[in-house]
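S.K.: My questions all concern the structure below.
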Amino acid sequence: MISLYIAILFFGVAALYASVGFGGGSTYIAILALVGTSYEVIPIIALLCNIIVVTGGSYRFFKQKMIPWPRIWPLLIFSIPAAWLGGVTPISREYFMLILGVTLITAALMIIWRSYLNQNISTTANIEKSAYNNIILSASLGVIIGYMSGLVGIGGGIFLAPLLLLLKWDKPRKIAASASIFILCNSIAGLLGQFGKYDALLINEVITPHITLFLAVLIGGQLGSYLAVKILAERIIIMLTALLTLYVGLRILWFTV
3 MISLYIAILF FGVAALYASV GFGGGSTYIA ILALVGTSYE VIPIIALLCN
53 IIVVTGGSYR FFKQKMIPWP RIWPLLIFSI PAAWLGGVTP ISREYFMLIL
103 GVTLITAALM IIWRSYLNQN ISTTANIEKS AYNNIILSAS LGVIIGYMSG
153 LVGIGGGIFL APLLLLLKWD KPRKIAASAS IFILCNSIAG LLGQFGKYDA
203 LLINEVITPH ITLFLAVLIG GQLGSYLAVK ILAERIIIML TALLTLYVGL
253 RILWFTV
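Quick note: the sequence shown uses my numbering, first residue 3, plus one each step.
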């Protein structure tokens with residue numbers, strides 16, 4: 003069974019990420035990689051945890067009517083099948099670890115970038131309507147982020163949100179709501195793709211030993227959906243998360259290349 007220590011880490015990650023509309027997939031992957039979890043299992047665990055966490059956040063944003071459906075539908079339409087395709091794509095351990103390392107490093111840099119953008123982009127900035135009305139741009143972002151998300155086992159919000167902030171796609175709160183529903187849809191699609199590579203017996207053998215983690219993120223995600231994390235300043239938490247993810251990504255590449 004998964005140790006209590008790892009479950010506590012997952013609880014903390016879920017609470018932190020849920021408070022800002024994310025699922026925490028990149029950090030789950032980082033922790034699982036650090037403890038030597040099999041590469042075949044990592045995407046399934048991370049995607050399941052993502053779904054558990056962002057379901058509560060997506061429901062909250064939906065109830066508050068914060069999800070900009072007219073703007074996000076092109077992203078979802080193109081990203082969902084791409085995420086499924088990424089999940090079902092067979093991949094060797096070497097290529098998986100290489101892509102995982104690059105993805106984690108990119109995610110860490112995107113976390114830092116998002117923090118910078120939040121500090122420097124006014125919440126009252128003019129929305130660039132041309133950005134979200136551009137179907138080609140939305141399709142491109144959806145396909146690329148969706149496929150990579152399904153392939154390595156993340157929801158993709160950590161990539162999407164900074165890009166939308168940079169494009170002045172909408173106000174940060176609505177971007178967080180969009181990222182939450184994007185993560186939920188793509189995590190489900192990616193998970194279905196991952197399941198397609200294994201039979202039911204093997205899937206059960208993967209899921210059952212990690213029940214502790216799923217319970218931990220369920221509780222942490224619910225907490226994070228309703229309460230803001232106040233133990234540390236938000237920027238410190240963001241930087242620590244980014245540094246952990248960056249460290250693991252570099253460590254994976256060091257031993258892979």
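Yeah, the Cβ is synthetic: ideal placement off N, Cα and C, and Gly gets one too.
Gly59 and Gly23: beta carbons closer than 8 Å?
M.R.: Yes.
S.K.: My assumption, with CB atoms under 8 Å, is that Gly100 sits in contact with Thr258. Please give the rounded CB distance.
M.R.: Checking the sequence, you will find Leu at residue 100 rather than Gly. Right, the Cβ-Cβ distance comes to about 5 Å (below 8 Å), so this counts as a contact.
S.K.: Work out the CA separation of Gly159 and Ala109 for me, nearest whole Å.
M.R.: The alpha-carbon atoms of Ala109 and Gly159 are separated by roughly 10 Å.
S.K.: In chain order, what residues of the same chain have a beta carbon less than 8 Å from the beta carbon of Thr29, not counting five sequence neighbours either side?
M.R.: Here the set comprises Val15, Tyr19, Thr243, Leu246, Thr247.
S.K.: When you compare the stretch 42-56 with the stretch 154-170, are there three or more beta-carbon pairs, one atom per stretch, that lie closer than 8 Å?
M.R.: Judged by Cβ distances under 8 Å, the stretch 42-56 makes contact with the stretch 154-170, as three or more pairs qualify.
S.K.: Applying the 10 Å Cβ sphere with the 16-neighbour rule, what's the burial state of Lys170?
M.R.: Buried.
S.K.: I want to know whether the stretch 174-193 touches the stretch 143-155 - three or more CB-CB distances under 8 Å.
M.R.: Touching, yes, given that three or more Cβ pairs across the two stretches are closer than 8 Å.
S.K.: Between the C-alpha atoms of Gly27 and Gly148, what's the straight-line distance to the nearest angstrom?
M.R.: Gly27 and Gly148: Cα-Cα distance of roughly 14 Å.
S.K.: Straight-line CA distance for Ile10 to Phe216?
M.R.: Cα to Cα, the separation comes out at about 11 Å.
S.K.: Give the C-beta separation of Ser142 and Leu77 to the nearest angstrom, bearing in mind that I take them to be a contact with Cβ-Cβ under 8 Å.
M.R.: The Cβ separation is near 10 Å, so there is no contact.
S.K.: List the whole-angstrom C-beta distance separating Tyr41 from Arg95, where the pair is believed to meet the contact cut-off of C-beta under 8 Å.
M.R.: Yes, Tyr41 and Arg95 are in contact; Cβ-Cβ is about 5 Å, under 8 Å.
S.K.: Below 8 Å between beta carbons: does that hold for Met241 and Phe161?
M.R.: Not in contact: Met241 and Phe161 (Cβ atoms no closer than 8 Å).
S.K.: Would Val219 and Val55 qualify as a contact pair, given that the criterion is a beta-carbon distance under 8 Å?
M.R.: Cβ distance < 8 Å, so Val219 and Val55 count as in contact.
S.K.: Pro70 and Lys176: beta carbons closer than 8 Å?
M.R.: Yes, they are a contact pair.
S.K.: Under the rule that 16 or more other beta-carbon atoms within 10 Å means buried, what is Ile183, buried or exposed?
M.R.: It is buried - the Cβ of Ile183 has at least 16 other Cβ atoms within 10 Å.
S.K.: Between Ser227, Leu87, Thr214, Lys199, which has its C-alpha nearest Lys65's C-alpha?
M.R.: Ranking the options by Cα distance to Lys65, first place goes to Ser227.
S.K.: What's the C-alpha gap between Trp75 and Val90?
M.R.: Between Trp75 and Val90, the C-alpha separation is close to 23 Å.
S.K.: Which residues in the same chain have their Cβ closer than 8 Å to the Cβ of Tyr7, if we skip the five residues on either side of it in sequence?
M.R.: Correct list: empty, nothing qualifies.
S.K.: So, are the CB atoms of Ile53 and Leu102 less than 8 Å apart?
M.R.: Cβ atoms of Ile53 and Leu102: not closer than 8 Å.
S.K.: Mark Ile137 as exposed unless 16 or more other C-beta atoms lie within 10 angstroms of its C-beta, in which case mark it buried.
M.R.: Burial call: exposed.
S.K.: Around the C-beta of Pro174, are 16 or more other C-beta atoms found within 10 angstroms, so that it is buried, or is it exposed?
M.R.: Its Cβ being crowded by 16 or more others within 10 Å, Pro174 is buried.
S.K.: Going straight from the alpha carbon of Ala84 to that of Val145, what length do you get?
M.R.: In a straight line, the C-alpha of Ala84 is about 5 Å away from that of Val145.
S.K.: Can you grab the Cα-Cα spacing for the pair Thr210 / Gly25, in whole Å?
M.R.: When rounded, the distance between both Cα atoms is 21 Å.
S.K.: Please state whether DSSP places Gly223 in a helix, a strand or coil.
M.R.: In this structure, Gly223 counts as helix in the three-state DSSP scheme.
S.K.: Who are the near neighbours of Gly198 in its chain, counting only those whose CB is closer than 6 Å to its CB and skipping five residues on each side?
M.R.: Only Val90 meet the Cβ criterion.
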